[in-house]
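Only one structure is covered here, and it is reproduced in the block below.
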DNA sequence: GTCAACAATCTTGTATACAAGATGGGCAGA
DNA sequence: TCTGCCCATCTTGTATACAAGATTGTTGAC
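Protein chains in written order, with this note's numbering: chain A, -14 to 201; chain B, -14 to 201.
If you want it as structure tokens, here you go:
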């Protein structure tokens, strides 16, 4: 149970970054050749991908890449918003001073990135911000569920950051979250966080509809 | 991809209902014989169980049943509470009159069950109540995530219902949820739902600690 | 007597062989 | 020429054979 793990991760990356197009069929024997293994470990990897929802296995037909459609993406962002809001709610009571300081430090670096128009730098700090939020929920199950969905939404979140004025807006939202956490105001921390993530979904949705107008 | 599906479901049931004890090793060849298949479909089933977290695969050692420990259970109930609260929040704006009526009807039947001390009957109606709540979130992704976790917590929820006076208390909580939904009060619907599920976790936790005092 | 090392055996992980279902093309009939 | 049926081929699903690592029991030495 080692080789199939690596293969699953690799394939997951290739699907997430769009190397495999939506609807494309993944050929067992071809990929087996590419990875220099037999079909067995590949099939194991396929199963994992199918459970994560990255591919669909149609019996006796094969596995096909399934990128989430616009509707499903909106739904996933909605759930992400609620999960992160839950993290914030719990973190408001549980967060350590140390983590709070770290979040502030991250926000400071984010501000620099905004001024430098450094989208990649901002992205990196943003990732850390959210990772800390998950962790400070004090609920490791919630943390891992958040990480799972977060990872799944990676490419779409990244896109959304490119939206005009989004960087500074995102920053402001981060600061509001930290402020609420510092005051221990669970209600507000949750609300601010929910808004922060929901906005991402909306921005993304807007971007999508402007990119492909009236697609199907 | 059919036989392994059925096997995975069967094994999942056997693990959830406690036929396989925590820590028990699942023998590939033995189970293959029992199901009258080769090791291949069994291994596929094992993988699925491993991803759902019901078993742990230790490389070159085998698969072992992993029942969640008390800490993890509390965490899972906490997440369940937040997910269901999210359903309620969304449902408050999206629920149909029809579904609302159905929830009221279920509560009426629940009341009967409470009076008859019919725990099983109550359990069944309770399941439907929550299923409708998930559905009425209007978010199919959220719905499936809720169903997944709900299913995982099944045996522990069931246990908790046996707690003294829990039935009528649960009923009252259901009514509060429906009332908030009817008014379209998202905030309150979420809060009531969160409480309702969180109480389940607490009741369960209490039950556990009374059953095995100072276990390890 | 106890501990350590080695070997035999068992179990998992991987490859390959085999079976069965699905698809597509070709052929025949209308 | 078009349509429908059948056969060939391809791909998946399953079984089995093979390889490699882990465990355990036995034997020998201290």
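All C-beta atoms in this analysis are idealised placements derived from N, C-alpha and C, irrespective of residue type, glycine included.
Of the listed residues the options, nearest to residue i (C-alpha basis)
i              : options                          : result
residue 58(B)  : -11(A), 70(A), 182(A) and 125(A) : 125(A)
residue 54(B)  : 48(B), 39(B), 44(B) and 45(B)    : 39(B)
residue 92(A)  : 155(A), 18(A), 137(A) and 4(A)   : 155(A)
residue 142(B) : 158(B), 19(B), 192(B) and 165(B) : 192(B)
residue 164(A) : 80(A), 10(A) and 30(A)           : 80(A)
residue 218(B) : 123(B), 149(B), 129(B) and 82(B) : Because chain B here runs from -14 to 201, residue 218(B) falls outside it and cannot be looked at.
residue 19(B)  : -4(B), 2(B), 37(B) and 0(B)      : -4(B)
residue 173(A) : 78(A), -9(A) and 88(A)           : 78(A)
residue 88(A)  : 100(A), 112(A), 45(A) and 36(A)  : 112(A)
residue 30(A)  : 168(A), -10(A) and 104(A)        : -10(A)
residue 168(B) : 85(B), 114(B) and 194(B)         : 85(B)
residue 104(A) : 68(A), 144(A), 82(A) and 83(A)   : 144(A)
residue 68(A)  : 195(A), 100(A) and 129(A)        : 129(A)
Cβ-Cβ separation, residue j to residue i (assumed contact under 8 Å), whole Å
i              : j              : result
residue 178(B) : residue 70(B)  : 5 Å
residue 32(B)  : residue 33(A)  : 7 Å
residue 146(A) : residue 108(A) : 6 Å
residue 41(B)  : residue 28(B)  : Incorrect: roughly 15 Å between the Cβ atoms, too far for contact.
residue 160(B) : residue 181(B) : No, residue 160(B) and residue 181(B) are not in contact; Cβ-Cβ is about 10 Å, not under 8 Å.
residue 26(A)  : residue -8(A)  : 6 Å
residue 46(B)  : residue 22(B)  : Their Cβ separation, rounded to whole angstroms, is 22 Å, which puts residue 46(B) and residue 22(B) out of contact at 8 Å.
residue 127(B) : residue 64(A)  : 5 Å
Within chain B, the residues that residue i reaches when beta carbons sit closer than 7 Å
i             : result
residue 61(A) : 126
residue 57(A) : 126
Neighbour list for residue i in chain A, Cβ cutoff strictly below 8 Å
i              : result
residue 32(B)  : 29, 32 and 33
residue 185(B) : Ordered by position in chain A, no residue passes the 8 Å Cβ test against residue 185(B), which lies about 16 Å from the chain.
Beta carbon of residue i nearer than 7 Å to that of residue j
i              : j              : result
residue 8(B)   : residue 62(B)  : no
residue 110(B) : residue 95(B)  : yes
residue 106(A) : residue 116(A) : no
residue 74(B)  : residue 175(B) : yes
residue 76(B)  : residue 166(B) : yes
residue 17(B)  : residue 183(B) : no
residue 122(A) : residue 72(A)  : yes
residue 36(A)  : residue 36(B)  : yes
residue 208(A) : residue 188(A) : No statement about residue 208(A) is possible, as the shown extent of chain A runs from -14 to 201 and does not include it.
Within chain A, partners of residue i - CB distance below 9 Å
i             : result
residue 41(B) : The premise fails here: residue 41(B) is roughly 11 Å from chain A at the closest Cβ pair, so nothing lies under 9 Å.
residue 36(B) : 32, 33, 36 and 37
Within chain B, partners of residue i - CB distance below 8 Å
i             : result
residue 50(A) : Those within 8 Å of residue 50(A) in chain B number zero; the least Cβ separation is about 17 Å.
Contacts of residue i in chain B (Cβ-Cβ under 9 Å)
i             : result
residue 64(A) : 68, 71, 124, 126, 127 and 130
What are the residues in the region 123 to 151 of chain A lying within 8 Å of chain B by C-beta distance? Those residues of the region 123 to 151 of chain A that come within reach of chain B (Cβ to Cβ, closer than 8 Å) are 124, 125, 126, 127 and 130.
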